[in-house]
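S.K.: Listed in order, the protein sequences are those of chains A and B. Quick note on numbering: this note's numbering labels position 46 of the first sequence as 26, and the sequence is numbered without any gaps. Quick note on numbering: this note's numbering labels position 89 of the second sequence as 832, and the sequence is numbered without any gaps. Sending over a structure as C-alpha cells; questions will come in a sec.
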Amino acid sequence: MSEGDDIRLQSAIPALRRYARVLTRDPHQADDLVQDCLERALTRLHQVRGRPDLRPWLFTIAHRLNVSHWRRLRRLLPAMEGSHPEPMQEPGQIPHLEWKEVARAFERLSDDHRQVLLLVGVEGFEYATVAEILGVPVGTVMSRLSRGRTVLHSLVNHEERPMLRRVK
Amino acid sequence: MMRPDRPVTEDDLQAWVDDLLPLERRRTVEDWLNANPDARQRVEAWRADRDLLRLAMDTELRQPVPARFDVTRLEQRRHRRFSMPQMAASIVLALSIGTGGGWFLRDREVPLGLASVEQEATIVHKAGKGGTIAPGNIVQLAAWGGQTLGRPVRPPDLSAAGYQLAGGQLVTTDHGPACVFFYNDDSGSRISLFVRPMYGRDMTAPMRPMQRMPGYIWAQDGLGISMSADAPVSNLHILANRARDLMDEAS
C-alpha cells in the first residue's frame, strides 16, 4: 500500500465514523462497524487506487456490512423488532438551541431518511453517488430526500408532535 | 437533453437546495420560485435545516480518532496475521491476563487429540513473550484455571532443577480453556508448560518429542500437557518427566 492510499484512508475515517453512527444509532456499535469496514477496505484498497475521495467507497462497504449485520441479528432476535435504541449522544459542544432542535429532530427520523439527509445534505454527495452507496435507484433517493426534509422540518417546528408515519 | 424551461418538479426543488442544478435550469427554477412564494419559503427552510444539521454534525468530525483506527497500525496487524504460520491458524487466544491483548485467528484445519495440544502449546509458547501475570498471582491463576478447566491445576515446582515460575496465562483454544505457566532459569532460558483437558481422545498418552519446536508432549489423567522451550535445553526431557511425576503426585 502506498503512503498516499494510507493518508486518504485515514482522512476519511472521521466521516466514516459519523456515517456509522447514523447507521447504527449507537457509538460503540458504530465503531465496531468502522473497524470491520476498515479491515475489509484494507484488503481491497488496490481496487480504488487513484480515487481522490474514498468516502463513497467506504460508505458503500459500511452500508452493506450494516445491512447484513441487521439481517443476521433479526434472525437471532425476532423480539427486538419494534424496540427503540437509545438516541445518540449529543455532540460534545455548548448546545446551540437551533442546532440542538434540528439534531434532535434528525434523531427521530426513520433510518432511510437519516441516511439520505446525511449523505446528501451533510456529506454533499451527488444523488447518483448516494444511490450507489445505498444500492437503490436515484428516484428512491429523491423521494426519500423530499420526504425526509419535509418530516424533519415539521419536527423542528412542532417538536411535540408524534413521529410521522414512516414511508418507504 | 432536457429543455431548461420544462415544468419545475419536486426533484428540481431538492437540487436547488443542494446546489446541484445546472446554471440554465437554476435560472428557470429561480424564476418559478419568485412566482411561488410558498414554495420559496419551503425550500429556504429546507436549506436552513440542512445548514444547521451540517453544523451540528460537523462537531463529530472534530472528535479525536481512536488509536484502533490508525491505518498504519491496522495494516501492520493485518500483515502479521497473514504471515503467521499455517499451524498457528487454529487457535483462539481470547483471554490473556496482563498486558498482552487478545488476538485471534480464524480457524482452518484443526488436528485432533494430542496433536492439537502440540499445536496450541506451540502457539501459546511463542505468543506468551509479553503479557503474563506476575509470579505472586500464580495461585490466583491456578485457582481460576482450575475452576475454568473444571479440575485443579497446580504448576509443578521445578526450582530444584533451576527453573523458577515466572508467570502464567489463562487462554482459550478451539478445545476450550487452557492454562500456561512460564518458567525461567538463571541464564534466562524460558520454558512453558501448557495444560488443558482432553476430550475423549488421548486421555493418557506417552511422552513424545514435539515436532516443530524443542519440547515434549504427553497426556496424563485426562490432561494434555506440553513442555516447550525457546531453544534446545539439554535436560528438557528429564524436566518434563519430573513435571509429569510431580503432577501425578498432586492429583
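Virtual Cβ for every residue (Gly too), placed ideally from N, Cα, C. These figures come from a predicted structure and were not determined experimentally.
Can you check whether the C-beta of Ser126 of chain A is within less than 8 Å of a C-beta belonging to chain B?
M.R.: Along the first sequence, read from residue 1 onward, the residue named residue 126 of chain A stands at position 146. By this cut-off, Ser126 of chain A is an interface position.
S.K.: Please go through the same chain and pick out, in chain order, the residues whose beta-carbon is closer than 7 Å to the beta-carbon of Pro957 of chain B, but skip the five residues on each side of it.
M.R.: In the second sequence, residue 957 of chain B corresponds to position 214, counting from 1. Counting only Cβ-Cβ distances below 7 Å, and skipping sequence neighbours, we find Ser971, Ala972, Ala974, Pro975, Val976, Leu979.
S.K.: Helix, strand or coil for Gly893 of chain B per DSSP?
M.R.: Counting from one through the second sequence, the residue named residue 893 of chain B turns up at place 150. Note: Gly893 of chain B maps to coil in three-state DSSP.
S.K.: Tell me the rounded alpha-carbon separation between Arg88 of chain A and Val808 of chain B.
M.R.: Taking the first residue of the first sequence as position 1, residue 88 of chain A is located at position 108. Taking the first residue of the second sequence as position 1, residue 808 of chain B is located at position 65. Going by the C-alpha atoms only, they are around 27 Å apart.
S.K.: If I'm right that Glu818 of chain B touches Leu114 of chain A with Cβ under 8 Å, what's the distance once you round it to whole angstroms?
M.R.: Taking the first residue of the second sequence as position 1, residue 818 of chain B is located at position 75. Taking the first residue of the first sequence as position 1, residue 114 of chain A is located at position 134. About 29 Å; that fails the 8 Å criterion.
S.K.: Got a sec, what are the start and stop residues for the alpha helix (DSSP H) Thr130 of chain A sits in?
M.R.: For this step, residue 130 of chain A is matched to residue 150 along the first sequence. Counting along the chain, the alpha helix (DSSP H) containing Thr130 of chain A begins and ends at 118 to 137.
S.K.: Between the alpha carbons of Ala983 of chain B and Val923 of chain B, how many angstroms are there, rounded?
M.R.: Indexing the second sequence from 1 puts residue 983 of chain B at position 240. Indexing the second sequence from 1 puts residue 923 of chain B at position 180. Each residue's alpha carbon lies about 15 Å from the other.
S.K.: If we define contact as Cβ-Cβ less than 8 Å, is Leu913 of chain B a contact residue for chain A?
M.R.: Indexing the second sequence from 1 puts residue 913 of chain B at position 170. No, no contact with chain A.
S.K.: Looking at the C-beta of Val116 of chain A, does it have a partner C-beta in chain B at a distance below 8 Å?
M.R.: Against the first sequence, residue 116 of chain A aligns to sequence position 136. No, no contact with chain B.
S.K.: Taking Cβ positions, are Ala986 of chain B and Pro899 of chain B nearer each other than 8 Å?
M.R.: Here the question's residue 986 of chain B lines up with position 243 in the second sequence. Here the question's residue 899 of chain B lines up with position 156 in the second sequence. Yes; because the gap between Cβ atoms is below 8 Å, this pair is in contact.
S.K.: Once the 5 residues before and after Arg785 of chain B are set aside, which same chain residues still bring their CB inside 8 Å of it?
M.R.: Working through the second sequence from its first residue, we reach residue 785 of chain B at position 42. Answer for Arg785 of chain B: Leu756, listed in chain order.
S.K.: Taking only beta-carbon positions, decide if Pro36 of chain A is within less than 8 Å of chain B.
M.R.: Within the first sequence, numbered from 1, the residue matching residue 36 of chain A stands at position 56. No, no contact with chain B.
S.K.: Can you give the Cα-Cα distance for Arg35 of chain A and Gln963 of chain B, rounded to whole angstroms?
M.R.: What you label residue 35 of chain A is simply residue 55 of the first sequence in a count that begins at 1. What you label residue 963 of chain B is simply residue 220 of the second sequence in a count that begins at 1. Near 57 Å, if we compare the C-alpha coordinates of Gln963 of chain B and Arg35 of chain A.
S.K.: Taking the C-alpha atoms as reference points, what is the distance between Leu848 of chain B and Glu992 of chain B?
M.R.: Start at 1 with the first residue of the second sequence, and residue 848 of chain B comes out as number 105. Start at 1 with the first residue of the second sequence, and residue 992 of chain B comes out as number 249. For Leu848 of chain B, the predicted structure reports a pLDDT of 30, less than 50, and the residue's modelled location is therefore unreliable. The matter cannot be settled from this model.
S.K.: Give the secondary structure of Tyr959 of chain B by DSSP, where H, G and I count as helix, E and B as strand, and everything else as coil.
M.R.: Residue mapping note: residue 959 of chain B aligns to position 216 of the second sequence, counting from 1. Strand, per DSSP.
S.K.: Within 10 angstroms of its Cβ, does Leu766 of chain B collect 16 or more other Cβ (buried), or is it exposed?
M.R.: Along the second sequence, read from residue 1 onward, the residue named residue 766 of chain B stands at position 23. Classification of Leu766 of chain B: exposed, given that the 10 Å Cβ count is below 16.
S.K.: Shortest alpha-carbon distance to Val116 of chain A belongs to which of A:Ser134, A:Gln95, A:Val131?
M.R.: Residue mapping note: residue 116 of chain A aligns to position 136 of the first sequence, counting from 1. The residue with the shortest Cα to Cα distance from Val116 of chain A is A:Gln95.
S.K.: Going by CA-CA distance only, name the one from A:Val118, A:Leu99, A:Asp11, A:Ala42 that's closest to Asp801 of chain B.
M.R.: As a working mapping, residue 801 of chain B is identified with position 58 in the second sequence. Cα-wise, what sits closest to Asp801 of chain B is A:Leu99.
S.K.: Name the residue from B:Asp761, B:Ser930, B:Ala864, B:Met946 whose alpha carbon lies nearest to the alpha carbon of Arg905 of chain B.
M.R.: One-based indexing of the second sequence puts residue 905 of chain B at position 162. For clarity, residue 905 of chain B is Gly in the given sequence; the question names Arg instead. Ranking B:Asp761, B:Ser930, B:Ala864, B:Met946 by Cα distance to Gly905 of chain B puts B:Ser930 first.
S.K.: I think Arg1 of chain A touches Ala10 of chain A, with their Cβ atoms under 8 Å apart; what is that distance to the nearest whole Å?
M.R.: What you label residue 1 of chain A is simply residue 21 of the first sequence in a count that begins at 1. What you label residue 10 of chain A is simply residue 30 of the first sequence in a count that begins at 1. Yes, Arg1 of chain A and Ala10 of chain A are in contact; Cβ-Cβ is about 4 Å, under 8 Å.
S.K.: How big is the Cα-Cα spacing for Ala782 of chain B and Asp(-14) of chain A?
M.R.: As a first step, residue 782 of chain B must be located in the second sequence, where it is residue number 39. As a first step, residue -14 of chain A must be located in the first sequence, where it is residue number 6. Their backbone Cα atoms lie some 46 Å apart in a straight line.
S.K.: Select from A:Ser(-9), A:Arg5, A:Ser126, A:Lys80 the residue whose C-alpha is nearest the C-alpha of Leu38 of chain A.
M.R.: Indexing the first sequence from 1 puts residue 38 of chain A at position 58. Checking every option, the nearest Cα to that of Leu38 of chain A belongs to A:Ser(-9).
S.K.: Helix, strand or coil for Phe105 of chain A per DSSP?
M.R.: Locating residue 105 of chain A in the first sequence gives position 125, counting from the first residue. Looking at Phe105 of chain A - three-state DSSP - the assignment turns out to be coil, as it is neither helix nor strand.
S.K.: According to DSSP, what are the bridge partners of Pro952 of chain B?
M.R.: For the purposes of this step, residue 952 of chain B is identified with residue 209 of the second sequence, where counting begins at 1. Partner(s): B:Tyr959.
S.K.: Who pairs with Gln912 of chain B in a beta bridge, going by DSSP?
M.R.: Locating residue 912 of chain B in the second sequence gives position 169, where the first residue counts as 1. In the DSSP output, where bridge partners are listed per residue, Gln912 of chain B has B:Val923.
S.K.: Quick check: the Cα distance between Thr771 of chain B and Val110 of chain A, rounded to an integer number of angstroms?
M.R.: As a working note, residue 771 of chain B is residue 28 in the second sequence. As a working note, residue 110 of chain A is residue 130 in the first sequence. Using only the alpha carbons, I get a separation of about 26 Å.
S.K.: Would you kindly report the start and end of the unbroken alpha helix (DSSP H) that includes Pro898 of chain B?
M.R.: In the second sequence, counting from the first residue as 1, residue 898 of chain B sits at position 155. That residue, Pro898 of chain B, is in no alpha helix (DSSP H); it is neither H nor E in DSSP.
S.K.: At the level of alpha carbons, what is the spacing between His27 of chain A and Cys17 of chain A?
M.R.: Locating residue 27 of chain A in the first sequence gives position 47, where the first residue counts as 1. Locating residue 17 of chain A in the first sequence gives position 37, where the first residue counts as 1. The sequence given here has Gln at residue 27 of chain A, not His. If you take the alpha carbons of Gln27 of chain A and Cys17 of chain A, they lie about 15 Å apart.
S.K.: The beta strand (DSSP E) spanning Asp938 of chain B covers which residue range?
M.R.: The count along the second sequence starts at 1 and reaches residue 938 of chain B at position 195. As written in the sequence, residue 938 of chain B is Val, which differs from the Asp given in the question. Start and end: 933 to 940.
S.K.: Hey, out of B:Ser969, B:Leu989, B:Asp988, whose CA is closest to Glu861 of chain B's CA?
M.R.: Locating residue 861 of chain B in the second sequence gives position 118, counting from the first residue. Ranking B:Ser969, B:Leu989, B:Asp988 by Cα distance to Glu861 of chain B puts B:Ser969 first.
S.K.: So, using beta-carbon positions, are Leu97 of chain A and Phe105 of chain A closer together than 8 Å?
M.R.: Reading the first sequence from its first residue, position 117 is the one you call residue 97 of chain A. Reading the first sequence from its first residue, position 125 is the one you call residue 105 of chain A. The answer is no: Cβ separation not under 8 Å.
S.K.: Does Asp761 of chain B get closer than 8 Å to chain A when you measure Cβ to Cβ?
M.R.: On the second sequence, residue 761 of chain B is found 18 positions in, with the first residue counted as 1. Yes, because at least one Cβ of chain A sits closer than 8 Å to the Cβ of Asp761 of chain B.
S.K.: Residues of chain B with a CB under 8 Å from the CB of Glu19 of chain A: which are they?
M.R.: The residue you call residue 19 of chain A lines up with position 39 of the first sequence. Those are Leu817, Arg821, listed as they occur along chain B.
S.K.: What does Phe812 of chain B reach in chain A if we use C-beta pairs closer than 9 Å?
M.R.: Taking the second sequence and counting its residues from 1, the one referred to as residue 812 of chain B is at position 69. Within chain A, the residues near Phe812 of chain B are Gln(-10), Ile(-7), Leu(-4), Arg(-3), Asp11, Val14, Gln15, Leu18.
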